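J.:
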Amino acid sequence: MSKVDILTEILIDRPLAMVAEYAAHPDHAPAWYVNIKTAEWKTPPPLAVGSQVAFVAHFLGRRLAYTYEIKELIPHQKLVMATAQGPFPMQTTYTWQAVGPNQTRMTLRNAGMPSGFSRLFAPMMARAMRKANQKDLILLKKILESQ
């Protein structure tokens, strides 16, 4: 079995509440995720456990459409969302921790268990995901630190 489990983190020179509220809001995802093109609420806002958001992304030359469901939400601390559809079920976790009054450590973790044909590509997908996640967090830092 080839499990994919990618953990990336970054320090952002902004207060915890600002970072967490921006990053957790699905409408902002296309701005800071390099591969996400659209985010569409499937349930009414605000974000809560059970909320569903559909995303369209382009990854490794393919268009991916998937819906995440919020599994855990602790405001300003942790957000866990997961999808079970498709050949690559995925869980994404964000955590936020204040390092100081104006600095926040954010982690981004993607974990999944590819099945079927996708299993063959898991090592390549993991490398591409790690690289994309690093770019995403760098872009998020740039956006927030310019505000």
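The opening position of the sequence shown corresponds to residue 122 in the working numbering, with each subsequent residue numbered one higher.
Heads up, the beta-carbon is just placed ideally off N, CA and C, and yes, glycines get one too.
This structure is a prediction, so every number in the text was calculated from the model and none was measured.
1) Just grab the DSSP bridge partners of A175 for me.
2) Count the other CB atoms within 10 Å of the CB of M245; is the residue buried (16 or more) or exposed (fewer)?
3) Which residues in the same chain have their Cβ closer than 7 Å to the Cβ of D126, if we skip the five residues on either side of it in sequence?
4) Taking L200 as the reference, give the member of L132, P147, K256 with the closest Cα.
5) My output table needs one value for A232: the three-state DSSP class, helix, strand or coil.
6) Could you check the C-alpha separation between I157 and G221 for me, to the nearest Å?
7) Please classify V155: does DSSP put it in a helix, a strand, or coil?
8) With a cut-off of 8 Å on the beta carbons, I'd call M202 and I195 a contact; round off their distance for me.
9) Give me, in chain order, the residues of the same chain whose beta-carbon lies closer than 7 Å to that of H149; leave out the 5 immediate sequence neighbours on both sides.
T.: Looking at the atomic coordinates:
1) E161, T188
2) exposed
3) A232
4) P147
5) strand
6) 30 Å
7) coil
8) 13 Å between Cβ atoms; not a contact.
9) Y143
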